[in-house]
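Chemist:
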Amino acid sequence: MSLLVSYLNEKDENKFYFHLNYRALVVFFNTNGFSQKQYDGDIKETVIQIQSLIDASGAKWTAGKTILSDKSWEEWQNYVGLTFEPINAPPLTNEELSLEPPVALDWRTAGGNYVTNVRNQEKCGSCWAFAMTGGLESYVLLSQNIPGTDLDLSEQIMLSCSGAGSCNGGRLNAS
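So the number in my numbering is just where the residue sits in the sequence shown, counting from 1, plus 78.
#1: So, N191 versus P225, is the Cβ gap smaller than 8 Å?
#2: What separation, rounded to the nearest whole angstrom, lies between the Cα atoms of G241 and A207?
#3: To test your reading of the DSSP string, which unbroken alpha helix (DSSP H) runs of 4 or more residues are found completely within the region 221-247?
#4: Compare the C-alpha of E178 against each of S135, W185 and A188 and name the closest.
#5: Shortest alpha-carbon distance to E233 belongs to which of Y217, L220, K138 and S253?
#6: State the Cα-Cα distance for the pair Q157 and D184, rounded to the nearest angstrom.
#7: Between the alpha carbons of S204 and G212, how many angstroms are there, rounded?
#8: According to DSSP, is W185 part of a helix, a strand, or is it coil?
#9: Would you say K138 and A182 are within 8 Å of each other, going by their C-beta atoms?
As structure tokens, then:
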């Protein structure tokens with residue numbers, strides 16, 4: 079994506095991920111407090127380009143407006159309780175895979191429902207703990223072949239005991 083090209087040569091890994099995540103939020107959720115005119119122009123055109131790529135891939139989703147769409151960056155951080163501060167964690171690695179991903183995969187209907195209920199973290203910046211816990215729950219349901227089970231692992235244990243972050247943010251690869 080052209081928005082991210084200028085950040086690919088960053089030496090500071092934390093800065094790269096900050097910019098990557100921030101630009102993704104700006105594109106999809108208008109979190110930079112753009113005026114409606116700016117949104118209708120630059121951002122709307124970028125979203126159209128991204129949607130074209132999504133459609134061309136055969137994926138079946140559409141980015142849309144959320145309750146946070148019209149919030150400024152500061153309001154968004156305050157709402158979710160998240161601040162971007164570097165976290166000491168091993169660097170991410172990239173691996174070449176020779177497999178092509180499927181055009182579509184929905185773990186809610188792939189031989190049963192392997193996805194647990196959505197949880198609301200309210201105004202806590204522990205999205206990383208909620209994401210990792212939800213992923214772990216699905217992994218357990220898949221590996222044990224027990225679809226539809228109401229598994230509810232503790233996000234608080236991940237938050238308090240993993241050392242991967244806090245209510246001010248964290249890193250998935252460290253949890």
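Ideal Cβ placement from N, Cα and C applies to all residues, glycine included.
Modeler: Concretely, from the data shown:
#1: For the purposes of this step, residue 191 is identified with residue 113 of the sequence shown, where counting begins at 1. For the purposes of this step, residue 225 is identified with residue 147 of the sequence shown, where counting begins at 1. Between N191 and P225, the gap from beta carbon to beta carbon is short of 8 Å.
#2: Counted from its first residue, the sequence shown places residue 241 at position 163. Counted from its first residue, the sequence shown places residue 207 at position 129. Roughly 11 Å between the two C-alpha positions.
#3: Within the region 221-247, the complete alpha helix (DSSP H) runs of at least 4 residues are 233-239.
#4: Residue mapping note: residue 178 aligns to position 100 of the sequence shown, counting from 1. Distance from the Cα of E178 is smallest, within the candidate group S135, W185 and A188, for S135.
#5: On the sequence shown, residue 233 is found 155 positions in, with the first residue counted as 1. The residue from Y217, L220, K138 and S253 with its alpha-carbon nearest to that of E233 is S253.
#6: Against the sequence shown, residue 157 aligns to sequence position 79. Against the sequence shown, residue 184 aligns to sequence position 106. According to the sequence shown, residue 157 is Tyr rather than Gln. Distance between the alpha carbons of Y157 and D184 is about 30 Å.
#7: Your numbering for residue 204 matches position 126 in the sequence shown. Your numbering for residue 212 matches position 134 in the sequence shown. The straight-line gap from Cα to Cα measures roughly 12 Å.
#8: Within the sequence shown, the letter at position 107 stands for residue 185. In the displayed model, W185 falls within coil according to three-state DSSP, outside both helix and strand.
#9: For the purposes of this step, residue 138 is identified with residue 60 of the sequence shown, where counting begins at 1. For the purposes of this step, residue 182 is identified with residue 104 of the sequence shown, where counting begins at 1. Yes. Within cutoff.
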